[in-house]
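In my numbering, the protein residues as written are 3 to 76.
Cβ atoms here follow ideal geometry from the backbone N, Cα and C, with glycine treated the same way.
Taking it in order: structure first as C-alpha cells, then the write-up.
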C-alpha cells in the first residue's frame with residue numbers, strides 16, 4: 003500500500019484491517035457529537051482518534067515507527 007491509497011481510503015471512508023508483527027490494526031471512521039468525521043486507527047479496541055488524514059499520517063504510530071513509514075511494507 004502507499005500513502006495515496008490510504009488517503010483515498012480515508013476520503014471514501016473505507017475500513018481497513020491489517021496485521022503487523024502478529025498484531026491486528028484497524029482503520030475505521032465515526033462521527034463525533036457535532037457530526038464531524040473522525041478517523042480511528044490503532045490496535046483493535048485501542049484506537050486513537052484523528053480529525054483529518056494529515057493528522058493521521060503525521061502522528062499515528064505503530065509500535066516505535068510512524069504509520070507513514072510502516073504503510074510502505076503493507
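Indicate whether residue 54 and residue 42 have their beta-carbon atoms separated by less than 8 angstroms. In this structure, residue 42 does not lie closer than 8 angstroms to residue 54 by Cβ.
Beta-carbon proximity check, residue 45 vs residue 52, cutoff 8 angstroms: At least 8 angstroms separates the beta-carbon of residue 45 from that of residue 52.
Over the uninterrupted alpha helix (DSSP H) stretch that includes residue 9, give me the two end residues. Secondary structure note for residue 9: its alpha helix (DSSP H) is the uninterrupted segment 5-14.
Three-state secondary structure (DSSP) at residue 65? Residue state, collapsed to three classes: coil.
Nearest chain C C-beta to residue 30 closer than 8 angstroms, yes or no? Among the protein chains of the structure shown there is no chain C, as only one such chain exists.
Check each candidate in 9, 27, 17 and name the one with the smallest Cα separation from residue 63. 27 is the residue among 9, 27, 17 whose C-alpha sits nearest the C-alpha of residue 63.
Report the three-state DSSP secondary structure of residue 45 (helix, strand or coil). The DSSP-derived three-state label of residue 45 is strand.
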